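Asker: Attaching a single structure in structure tokens format; questions to follow.
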Amino acid sequence: MTADRVTISLPIPAAPESVWQALTLARSAWWPGMDFEASPGAPLHETWTEDGVTRHARGVVTAVEPPLLLAFDWTEPSWSGHLSVEVRLIPDGESTEVTITEQGFQRAGTPPTLPAQHEAGWHQHLRQLSEAVQSDLRACAGRGSP
């Protein structure tokens, strides 16, 4: 039986507004294959290469509450339904806890290995998001910006 939900979290040492900006506006620094506008109803498109083949996922942004929530549904051509993703930014002192929950693997008829693959992918994306936020904060500090 396929797991139906993946949840991962990572604290990022920055304010939610800085994380939100990287999450929604500076995606090329942490997820170059993903394209969307942070607006409910906006289309979402991801492109990547796997085993030499270009693949696509498409979806729609379902909820936006700056700087705390971004949610979307997405699917690949081989799935029978969509997965729902929720990205929550939770202020925690000087940091922001970023939690990603993806669910609906059973409904979408995905392969049984997909939850583990997506969990690994989300970990990678969160690490890259954290690095992008830190890089931007260093650049701002170098320019004398807050």
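In terms of this note's numbering, the sequence shown is residues 114 to 259.
Virtual Cβ for every residue (Gly too), placed ideally from N, Cα, C.
The structure presented is a predicted model; accordingly, all values stated were derived computationally and were not measured.
Would you decide whether S152 is buried or exposed? Buried here means 16 or more other CB atoms lie within 10 Å of its CB.
Answerer: Label assigned to S152: exposed.
Asker: Cα-Cα, which of E150, V174, L181 and G234 is closest to S197?
Answerer: The residue with the shortest Cα to Cα distance from S197 is V174.
Asker: When you compare the CB positions of E232 and T214, do they come within less than 8 Å of one another, or not?
Answerer: In this structure, T214 does not lie closer than 8 Å to E232 by Cβ.
Asker: Please give me, in chain order, every unbroken run of the beta strand (DSSP E) with length at least 3 that falls completely inside the stretch 152-176.
Answerer: Counting only runs of 3 or more, we get 156-163.
Asker: G172: which of P179, L123 and A184 sits nearest, CA to CA?
Answerer: Checking every option, the nearest Cα to that of G172 belongs to A184.
Asker: Who pairs with W187 in a beta bridge, going by DSSP?
Answerer: Beta-bridge pairing links W187 to G172 and L196.
Asker: Between which residues of its own chain and T137 is the CB-CB distance below 7 Å, once the five residues before and five after are set aside?
Answerer: Excluding sequence neighbours, T137 sits near A151 and L183.
Asker: What residue range does the alpha helix (DSSP H) around P129 cover?
Answerer: It spans P129 to T137 - the alpha helix (DSSP H) in which P129 sits, taken as one unbroken run.
Asker: Pairing CB atoms from the stretch 161-172 with CB atoms from the stretch 238-251, are three or more of them under 8 Å?
Answerer: Counting Cβ pairs under 8 Å, fewer than three are found: no touch.
Asker: How big is the Cα-Cα spacing for C253 and R140?
Answerer: Going from the Cα of C253 to the Cα of R140 covers about 18 Å.
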